Every structure is written in C-alpha cells, then in structure tokens.
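Quick notes on the structure that follows.
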Amino acid sequence: GEGEGEGEGEGTAPRPGILDDILGNTGRTPARGGDRVAQLRRLTLREEGVAKVVQHRGTALALHPGTDRIIVATGDKVGQVGLWNVDAPASSATHGVETYDAVFRGGVVGLAFTAQGDTMYAASKDGTVRLMDVRREHFREVHRAEEAMDELELTDMHVEGTTAFLARSDGSAHAVDDRSRGGGVVIKWNASDRKLNSVSLAGGNVVVTAGLDQDVKAWDLRKLRAGGKPKPLAVMKGHTKSINHAAVSGDNGHVVSVSQDNTVKIWADYNLGTSKAVKSLRRNNHTGRWLTRFRATFDPRDPRVFYLGSMERPRRAQIFRIDDTHVANVALDLFGSADFPIPSVLSLLEPHPTLPVLVGVNSSGRCHALR
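Counting from 422, one number per residue, gives the positions in the sequence shown under our numbering.
Dropping the structure here:
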C-alpha cells in the first residue's frame, strides 16, 4: 500500500477489502489469569514468526487488541508504516505484510491502536498525527504542529481514548483530541526547557514526562486542564544523562525510566511527591546511532511486569518483575528457540493486550513474534 504524506488532511486512497480478514474469527481464546511470567516462559520463536515489515530501522511498535488475528504495526526512521498479519502463511506472496510508503516526511515516533481496533493513531517527527482507518487503509491527518518541520519535532506519543499526548523537541507537551475541531490542542504545557523524549500515562490523572534535562516529572492532569503555569506533582531526580523514556504501570503504582547513564530506575509513590528512586539497575543502554533507544513497556495484564530490549549476547528479550519491596529484577530471558534463536537486538518490545504474545522490532525493520 501507499500513503500520502502531503497536504492538509489528505490520506491514502481507500482500498477496501485488503485487510478485511483482520477482524475475522479464529476462535482464539485470550489468556486467563495466573502467573504472567509463567505464561510468557512458554513463548518461542519460529522462522515463520519473523517478517520484514518496514524498510528501515523500526522506531515505533503497536499490537492490534483483537484476538482473532495477531496484527503488528510498526513504523521506521523515514516515515514508512507497515502492518503484519502474523497468522498469514509465510509462503504467501507478502507474508501478510502491507506497507505504506509516503505516510510521513519524517520518522515515526508513535503508533497506537484504539480500543476497538478499527483505527490507529500514528505520529511523526514531521509534526503531524494521522489516524488510520485500518480496514480502508486510509490515513487522515488530525493534527499538524504550527511550527515548521525544521523548527520542531514530535518525539513521542501516548494515546488515551481519543486524546493523543505528544512530547516535543522544544520541551513542551501537547494533548490533541480528534473530537475537537481540526484535531486541536486541548492541553499544552512547558514540561522542560530542553527536549522531551517521552510522555506517558496509564488512564489515571498523572502524566509523566522525561528527556534531556535528566529529570522524570509527574503532572496532575486535572491541573493541566485548568491551564495556567502548572507545577509538577513530583520531580524525580537521579539520572545523570538523558532519559530515553519513562513508562507508567497500569495501576499507576510505578514509573520505570531508562537512561543513557546505563541505568534503569524504578520509582514508587511518585504521585505523593516522592522523588527518590527505590531501585536503580545497572545495564548497558548504549544502543548507539544504529539502534533505536530502549524503552520499558509495562504488561497490560500484570502491572508489576515490564519488558525491555537488551544489548546482551546471546540476543534476548528481557522481562522484569517488580516485587512487593519495589525491587525489580530480571524474571525471564527469552532467547527464541534452539532452532531459531533471536538473531539481533530487539530495541522495542510490545506485548499483546490479552494473548500470550510478545513482538519485538530490530534495526532493519524486521518484526519477531514470540508465541
């Protein structure tokens, strides 16, 4: 497929039918409750579980919430977006892959399916946010930054409902809502005087930002909506270099920050103003210029479990668990399988919302589905 990256509100020409089977029924049953790590321990990688979905380094990753088909979305450093139907036969002509070549004029920084799975938000460094109609393969522009592309970049996106929270290179954070006229900005605030790298929240009233100023900051969403010059709810200090990303657990109990200072820090009770990390893990986060920087992703079923890419050999996907004392340790290393080990660094990892499936993307745009 091809997209259109130019023009106000333009998108791909509709081509009904190509992905109609995304919502077809296979009778797959979501994972039941229980020990999440024990469920993940059974995951393996097969050759047919790898597909080249975009042409260049993967910079964003999302999984469709449906259980009928496993659908992966990824974007790359030049603005290409791809969808992969993992259940499609590897022998098929495209291996279930559809790519969209001209969606953006800059790298993709965020992808997020809506809860119903019929649409997907996509954000780019070029300052735009587009909403994809998954069935019709149509991208519609819902937001464009007022600044020129050479003046400002979007660096991250987090979606809650119809609101997309955006981190920006000028240190500000914006929230845009597709329901407002022209995808207008409904909230904006200056989170830092330096570049933001991430914005995150977990359905509550706390928004977390992080970036070049080395601080993780928590903000009260209710005060942000009220306008004015809000002060952070908490400033979490301790990192000594730029922070790649700070993620919030689903129960809002913890923040995990990943930094270029080769640490991962766990923060608890941050919404009470606590500003000291309860745990700091030493690890190699130096991905260099050729790999996408690591970021933690919390499990949607167990808020104490999170996923993180690794530079260690043999290559692996790492799964951490936070215990009752807020200490996080590696609970599981996934290496693939004896017949088909993970062949490269998977910088970004994304679990399926309900199924025991974990997907990672590497520097050449190849997605790996462990299932």
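Cβ atoms here follow ideal geometry from the backbone N, Cα and C, with glycine treated the same way. In this text the structure is predicted, and so the values were computed from the model without any measurement.
At the level of alpha carbons, what is the spacing between residue i and residue j?
i: LEU484; j: THR495; result: 9 Å
i: GLU468; j: ARG736; result: 16 Å
i: ALA698; j: VAL677; result: 9 Å
i: ALA691; j: PRO510; result: The amino acid at residue 691 is misidentified as Ala; the sequence shows Tyr. About 46 Å.
i: THR583; j: PHE534; result: 11 Å
i: PRO764; j: LEU779; result: 16 Å
i: ALA759; j: THR549; result: 43 Å
i: ILE491; j: ARG556; result: 15 Å
i: THR520; j: VAL507; result: 14 Å
i: VAL580; j: TYR542; result: 8 Å
i: ILE608; j: ARG734; result: 43 Å
i: VAL669; j: VAL679; result: 12 Å
i: PRO762; j: ASP641; result: 44 Å
i: ASP754; j: ARG478; result: 23 Å
i: VAL530; j: ALA631; result: 15 Å
i: ALA752; j: GLY455; result: 15 Å
i: ALA612; j: ALA536; result: 28 Å
i: VAL685; j: HIS707; result: 12 Å
When burial is assigned at 16 or more other CB atoms within 10 Å of the CB, is residue i buried or exposed?
i: LYS650; result: exposed
i: LYS638; result: buried
i: ARG710; result: exposed
i: GLU771; result: buried
i: ARG646; result: exposed
i: ASP599; result: buried
i: ARG703; result: exposed
i: LYS662; result: exposed
i: GLU567; result: exposed
i: LYS700; result: buried
i: THR576; result: buried
i: GLY648; result: exposed
i: GLU574; result: buried
i: GLY625; result: exposed
i: ALA514; result: exposed
i: GLY432; result: The predicted model places GLY432 with a pLDDT of 47, which falls under 50 and marks its position as unreliable, so this point remains unresolved.
Could you please give the first and the last residue of the uninterrupted beta strand (DSSP E) stretch that includes residue i?
i: LEU767; result: Run containing LEU767: none; DSSP gives neither H nor E here.
i: LYS638; result: 637 to 641
i: ARG722; result: Counting along the chain, ARG722 falls outside any beta strand (DSSP E), and DSSP gives it neither H nor E.
i: GLU519; result: 518 to 521
i: SER621; result: 617 to 622
i: LYS697; result: First-last for LYS697: undefined, no H or E at that position.
i: GLU733; result: Per DSSP, GLU733 belongs to no beta strand (DSSP E) and is neither H nor E.
i: ASN506; result: 502 to 506
i: TYR542; result: 540 to 545
i: GLN537; result: Where GLN537 is concerned, there is no enclosing beta strand (DSSP E), given that its DSSP letter is neither H nor E.
i: ARG565; result: 559 to 565
i: ALA481; result: 479 to 484
i: LYS686; result: 684 to 689
i: ALA588; result: 584 to 589
Check for me: the alpha helix (DSSP H) holding residue i runs from which residue to which?
i: ALA459; result: 457 to 461
Hey, residue i and residue j are a contact pair by Cβ (cut 8 Å); roughly how many whole angstroms apart?
i: PHE741; j: PHE727; result: 5 Å
i: GLY694; j: LEU654; result: 7 Å
i: THR480; j: THR713; result: 5 Å
i: MET553; j: PHE560; result: 5 Å
i: ALA588; j: ALA594; result: 6 Å
i: ASP547; j: GLY786; result: Their Cβ separation, rounded to whole angstroms, is 19 Å, which puts ASP547 and GLY786 out of contact at 8 Å.
i: GLY665; j: ASN618; result: Per the sequence presented here, residue 665 reads as Asn, with Gly not at that position. With 8 Å as the limit, ASN665 and ASN618 qualify as a contact, their Cβ atoms being about 6 Å apart.
i: GLY781; j: ALA738; result: 6 Å
i: SER621; j: ALA667; result: 6 Å
Is the CB of residue i under 8 Å away from at least one CB in chain D?
i: LEU753; result: As a matter of chain content, chain D is missing from the structure shown, which is built from one protein chain.
Touch test, the region 470 to 484 against the region 740 to 753, Cβ-Cβ under 8 Å, three pairs minimum: no
Touching by the beta-carbon criterion (3+ pairs, under 8 Å), the region 498 to 509 and the region 459 to 467: no
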